[in-house]
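Worksheet: one structure, shown below.
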Amino acid sequence: MKNVLHIDTVGDYLNLRKQEVLHPLVGIVDFEDVNKEGYENKDYDAFHYNCYAVFLKDAKGCKMHYGGKPYDYDEGTLVFIAPDQTIELSGFDPNYVPKGYAMLFHPDLLIGTELGKKLHYYSFFSYSSNEALHLSAKERKVILSLLEKIQFELEQNLDKHSKKLIVANIELFLDYCTRFYDRQFITREVENIGSLEKFDDLLSQYFSSDKPQKHGTPTVGYFADRLHLSSNYFGDLVKKETGKSAQEYIQNKLIEVAKERVFDPSKSVSEIAYELGFKYPQHFTRLFKQRVGHSPSEFRSLN
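Those letters in the sequence shown? Residues 20 to 322, by the numbering used here.
Written out as structure tokens, the structure reads:
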């Protein structure tokens with residue numbers, strides 16, 4: 020990336036789009052109000068954000084990626100960006116004109132608020148931008164109504180109620196997005212099952228190869244990368260489908276394999292630990308006892 024535009028403040032983005040800054044820490048852009056001059060991005064390869072941003076894409080022919088796979092989401096696609104994330108600009112039709120909305124808010128807006136304390140629970144801010152949220156027509160109406168309420172507050176004279184009402188509506192906006200993401204996990208059930216089947220296959224392949232000795236015990240990031248998903252999105256997917264965290268799922272598989280290998284009397288517990296990727300055998304013994312209720316040696320003797 021040669022030229023990266025840094026969006027350090029809400030005002031930076033609003034000025035780029037030639038829009039009035041009504042509040043230093045929060046702003047909404049309706050792209051219907053942005054003239055051609057405000058669309059020019061030709062000098063930049065990417066945007067680096069130091070504030071939170073949510074984009075409602077509402078343009079025909081806008082290609083998106085969801086879960087590492089391409090989907091043609093023409094309307095109602097929400098993309099979430101957290102501070103310190105960089106979004107590359109590529110693959111757009113040269114005649115593409117953005118339509119929809121952008122909402123940006125600075126972390127300083129949330130200082131001293133309940134939303135500030137729990138913002139990290141909204142895991143979709145940690146998804147990569149190719150894991151967007153696709154809204155139904157009804158969901159889109161809800162999102163637009165909340166953006167309208169926030170914009171209404173921005174257009175009022177600031178008073179002692181302004182921050183509370185703005186933050187409350189942003190929180191409600193994010194809570195609805197959480198519900199909509201849960202719905203999307205359900206409607207993408209076939210895609211999710213396919214990913215879980217591949218995950219199981221990859222897990223089995225990992226333990227039947229020499230990867231544990233070379234790379235250690237398998238990590239969530241390792242499998243997420245091979246499934247072309249972000250670690251957070253992959254973790255949420257596994258949790259929704261299995262009720263277990265991705266780390267628990269991996270550990271369950273590890274213990275299954277360990278139980279089988281413990282029955283081989285020709286191998287010591289230390290050898291099995293190294294085969295499974297543990298640097299220190301005592302770490303393997305501790306985990307095994309936590310999960311099984313007996314040490315590997317005790318389990319071997321009992322069975």
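For glycine and all other residues, C-beta sits at the position ideal for the given N, C-alpha and C.
Leu-184 is the residue among Phe-99, Val-161, Leu-184 and Pro-300 whose C-alpha sits nearest the C-alpha of Leu-129. Residues Ile-274, Lys-278 and Phe-318 of the same chain have their beta carbon placed closer than 8 angstroms to that of Val-311, with the five preceding and five following residues left out of the count. Beta-bridge partners of Lys-76 (DSSP): Thr-96 and Gly-119.
Non-local C-beta neighbours of Phe-66 in its own chain, meaning closer than 6 angstroms and more than five positions away in sequence, comprise Leu-24, Ile-26 and Ile-106, ordered along the chain. In summary, Gln-203 is buried, with 16 or more beta-carbon neighbours lying within 10 Å of its beta-carbon over all protein chains present. Using a Cβ distance threshold of 7 angstroms, Phe-143 and Tyr-200 count as a contacting pair. For Thr-261, the enclosing alpha helix (DSSP H) stretches over residues 250-261. With a cutoff of 7 angstroms on beta-carbon distance, Val-29 and Leu-123 are scored as near each other.
Cα atoms of Leu-165 and Leu-191: separation of roughly 8 angstroms, rounded to the nearest angstrom. Residue state for Val-29 is assigned as helix, using DSSP reduced to three classes. Where Thr-105 is concerned, the enclosing beta strand (DSSP E) starts and stops at 104-107. Sequence-distant partners of Val-161 (beyond 5 residues in either direction) whose C-beta falls short of 7 angstroms from its own C-beta, in its chain, are Tyr-195. Judged by their CB atoms, Gln-104 and Tyr-68 are nearer to each other than the 7 angstroms cut-off. A residue is called buried when at least 16 other Cβ atoms come within 10 angstroms of its Cβ; Glu-172 meets this threshold and is buried. Taking C-beta atoms as the reference points, Val-276 and Pro-315 fail to come closer than 7 angstroms.
Counting along the chain, the unbroken alpha helix (DSSP H) around Val-276 starts and ends at 265-281.
With 16 or more neighbouring CB atoms inside 10 Å of its own CB, Glu-158 falls in the buried class. Leaving aside the five residues that flank Phe-50 on each side, the residues in its chain whose CB is nearer than 6 angstroms to its CB run, in chain order, Pro-117, Lys-118 and Gly-119.
Residue pairing from DSSP places Leu-24 in a beta bridge opposite Phe-66. In the DSSP annotation of this structure, the continuous segment of the beta strand (DSSP E) that includes Asp-49 starts and ends at 45-49. Per the coordinates, the alpha-carbon of Tyr-225 lies some 40 angstroms from the alpha-carbon of Gly-135. Annotation for Lys-272: Leu-222 place their beta carbon closer than 6 angstroms to its own, counting only its chain and skipping 5 residues before and after.
Taking the C-beta atoms as reference points, Gly-254 is found no nearer than 7 angstroms to Gly-296. The C-beta distance from His-153 to Thr-96 rounds to 5 angstroms, short enough to meet the 8 angstroms contact threshold. Scanning Glu-133, Asp-31 and Glu-290 for the CA closest to the CA of Lys-182 turns up Glu-133. At least 7 angstroms separates the beta-carbon of His-125 from that of Leu-177. Leaving aside the five residues that flank Lys-168 on each side, the residues in its chain whose CB is nearer than 7 angstroms to its CB run, in chain order, Asn-188. Around the C-beta of Asp-283, fewer than 16 other C-beta atoms lie within 10 Å, and the residue is accordingly described as exposed.
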